[in-house]
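Shown next, in structure tokens, is the structure this report addresses.
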Amino acid sequence: MTPSARLQAAIEILDGVIDAARSGGAPADRLVADWFKNHRFAGSKDKRAIREHVYDAIRACGPVPASGRAAMLGLAEEKPELRDLFDGSQYGPAAIGERERPAEGGIAPEWLEDRLIASGIGEDEAAALLGRAPLDVRINRLKVSGALEGLPEEGEALALPGALRFPSGTQVSAWDAFAQGLIEVQDLGSQAACLAVGAQPGETVVDLCAGAGGKTLALAAAMANEGTLVAADTDKRRLSQLGPRAERAGVLIAREVLLDPGKEAAALEAWLGEADRVLVDAPCSGTGTWRRNPEARWRLSEGELQKLTALQARLLRIAADLVKPGGTLNYVTCSLLDEEGAGQVDAFLKQNPGWSAQKPDLPLGAPRGEGIRLSPRRDATDGFFIARLCKA
Ligand SMILES: C[S@@+](CC[C@H](N)C(=O)[O-])C[C@H]1O[C@@H](n2cnc3c(N)ncnc32)[C@H](O)[C@@H]1O
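Start counting the sequence shown at 9; every next residue gets the next number (this note's numbering).
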């Protein structure tokens, strides 16, 4: 493909990404993969260039752009060399018209930028939200006791025990060590959130929003496969991914519980007042994960954020009832917005006098309200809020 044809392909994909963001359709990575599947003539260099154009253009636009072409013209403001590729050639984009306007730049739609500022995220922090995430792995202590030898590449040892970092795009999933369950792909921030739970062998631990079990696997390793570990979620498809992952990782104690939305407590009755620790890795805006899903900022609306904060407050109440006296509730979101982090915890503590907050003891993050916050700029992790609440 010519450089212009690659640019036009990226513009077409961006049109799909914008539509999907407006209508709640498929994520950008799926749309990119679908385009490649339907255009077999694209070689590996073409694919790399097209993918890069798509993601660079998404990062370059703050509010939702009017079209893929406007988004690409926005990117051309940062990379003027792209303007030459609007050359009107057979498969390339038409020449730039005199009245054509590029899409607006910035970090996010205005309302969301305002919320970030109100949550203490300054300009530098905000810009880092749109950087490129490296690839972090966690050494699986259920299978590896000492140093892990023989990986195809040497990773950088990170601040948490058993955490290694590789460059963005490293194909870790093709490695033998991955197939054998010796390593799990997990962002350092997510590893920190698991470590903060402090799960111990023999305890009863509930992972209330387990999803596909990324954190469940880390909790099982911390528990050395001893005790009771409940992995609950309302999403059957996500939860069904835990079984094969647990098998590969040698996790034996994870017990899946599918929840009915609105009736979660009923399925968890057996653990009411029984859990030593409950982890609530709550559904959230994902403002801390824009490095991976930059188009997520076009999907969020104020109404959606309001629904998420109401759900988070409800999940905190459900979790609180599961914790036994002297136990802990660990509240986590991959968001940098106070209404999903420090604000939720403040409201919980006001409404629940028998509870107190204890700052998680981690070599990462900065205090935020009654918890700590990790940020891409400060900690080189996804953005996270982590709080630890103790029941009297
Ligand atoms: C941030 S994700 C969890 C990610 C997961 N813990 C991991 O480490 O991979 C939030 C999860 O909350 C789940 N969820 C949404 N509503 C829920 C509810 N009412 N009860 C329990 N889980 C819920 C979603 O299905 C989603 O899997």
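Even for Gly, the Cβ is constructed at its ideal location relative to N, Cα and C.
All of these numbers come straight from a predicted model, not from anything done at the bench.
For ligand 2, any of its heavy atoms closer than 8 Å to the Cβ of residue i?
i, result
"Glu-264", "Because ligand 2 does not appear in the structure shown, any question about it cannot be addressed here, the ligands present being ligand 1."
What are the start and end residues of the beta strand (DSSP E) that includes residue i?
i, result
"Asp-241", "236 to 241"
"Thr-317", "No beta strand (DSSP E) contains Thr-317, which is instead part of the alpha helix (DSSP H) from 310 to 330."
"Leu-397", "392 to 399"
"Leu-172", "171 to 174"
"Arg-376", "374 to 376"
"Ala-365", "363 to 365"
"Gly-379", "379 to 382"
Could you compute how far the alpha carbon of residue i sits from the alpha carbon of residue j?
i, j, result
"Gly-296", "Leu-323", "20 Å"
"Leu-15", "Ala-79", "11 Å"
"Gln-249", "Gly-281", "28 Å"
"Gly-349", "Gly-258", "33 Å"
"Gln-199", "Ala-103", "48 Å"
"Glu-310", "Thr-242", "23 Å"
"Ile-26", "Pro-73", "7 Å"
"Val-205", "Glu-86", "43 Å"
"Pro-110", "Lys-367", "46 Å"
"Asp-122", "Gln-98", "43 Å"
"Phe-301", "Leu-313", "It should be noted that the sequence gives Asn, not Phe, for residue 301. Cα to Cα, Asn-301 sits roughly 17 Å from Leu-313."
"Gly-158", "Pro-169", "18 Å"
"Leu-39", "Ile-21", "7 Å"
"Ala-41", "Glu-303", "15 Å"
"Arg-59", "Ala-36", "10 Å"
"Trp-119", "Gly-130", "15 Å"
"Trp-279", "Leu-267", "14 Å"
"Trp-43", "Lys-358", "50 Å"
"Leu-370", "Cys-202", "11 Å"
"Ala-28", "Trp-306", "10 Å"
"Leu-287", "Arg-56", "38 Å"
"Glu-347", "Ala-388", "23 Å"
"Lys-315", "Ala-165", "39 Å"
"Leu-216", "Gly-100", "50 Å"
"Met-9", "Ala-50", "7 Å"
"Ala-355", "Ser-12", "54 Å"
"Arg-245", "Gly-335", "30 Å"
"Pro-361", "Pro-160", "52 Å"
"Leu-330", "Gly-294", "26 Å"
"Ala-328", "Arg-381", "22 Å"
Taking 9 Å as the cut-off, decide whether the C-beta atoms of residue i and residue j are in contact.
i, j, result
"Leu-237", "Arg-256", "no"
"Ala-290", "Thr-341", "yes"
"Val-213", "Arg-146", "no"
"Cys-398", "Leu-337", "yes"
"Ile-326", "Ala-273", "yes"
"Ala-226", "Ala-254", "no"
"Arg-67", "Leu-138", "yes"
"Leu-172", "Gly-163", "yes"
"Gly-404", "Ile-115", "Since the displayed the chain opens at 9 and closes at 400, residue 404 lies outside it and no answer follows."
"Ser-364", "Ala-400", "yes"
"Leu-247", "Ala-218", "yes"
"Asp-144", "Asp-184", "no"
"Pro-209", "Ala-232", "yes"
"Glu-142", "Ser-181", "In the sequence as displayed, the identity of residue 142 is Pro instead of Glu. It is not a contact, given that the beta carbons lie outside the stated cut-off."
"Glu-133", "Ser-343", "no"
"Asp-422", "Gly-197", "As displayed, the chain neither begins before 9 nor continues past 400, which places residue 422 out of reach and without an answer."
"Arg-386", "Gly-377", "no"
"Ile-19", "Arg-107", "no"
"Ala-240", "Ala-207", "no"
"Val-353", "Ala-318", "no"
"Arg-140", "Arg-299", "yes"
Let's see if you can read the secondary structure: which residues bound the alpha helix (DSSP H) around residue i?
i, result
"Pro-110", "No alpha helix (DSSP H) contains Pro-110, which DSSP labels as neither H nor E."
"Arg-77", "76 to 86"
"Leu-370", "It is not in any alpha helix (DSSP H) - Leu-370 carries neither H nor E in the DSSP assignment."
"Arg-307", "304 to 307"
"Gly-251", "250 to 257"
"Phe-356", "350 to 359"
Answer with yes or no whether the minimum CB distance from residue i to chain D is below 9 Å.
i, result
"Leu-22", "Going by chain labels, chain D is absent from the structure shown, which holds only one protein chain."
*asked:* Suppose only complete runs of 4+ residues qualify. What are the alpha helix (DSSP H) ranges in the region 116 to 150, listed by chain order?
replied: Fully enclosed alpha helix (DSSP H) runs of 4 or longer: 118 to 126, 131 to 136.
*Considering only residues of the region 26 to 51, which uninterrupted alpha helix (DSSP H) runs meet the minimum length of 4 residues and lie entirely inside it, listed in chain order?*
36 to 46
*Please list the segments of the beta strand (DSSP E) lying wholly inside the region 260 to 301, counting only runs of 3 or more residues, in order along the chain.*
262 to 266, 283 to 289
*Would you mind listing the beta strand (DSSP E) stretches within the region 182 to 246 that are 3+ residues and don't spill past its ends, in chain order?*
191 to 193, 212 to 215, 236 to 241
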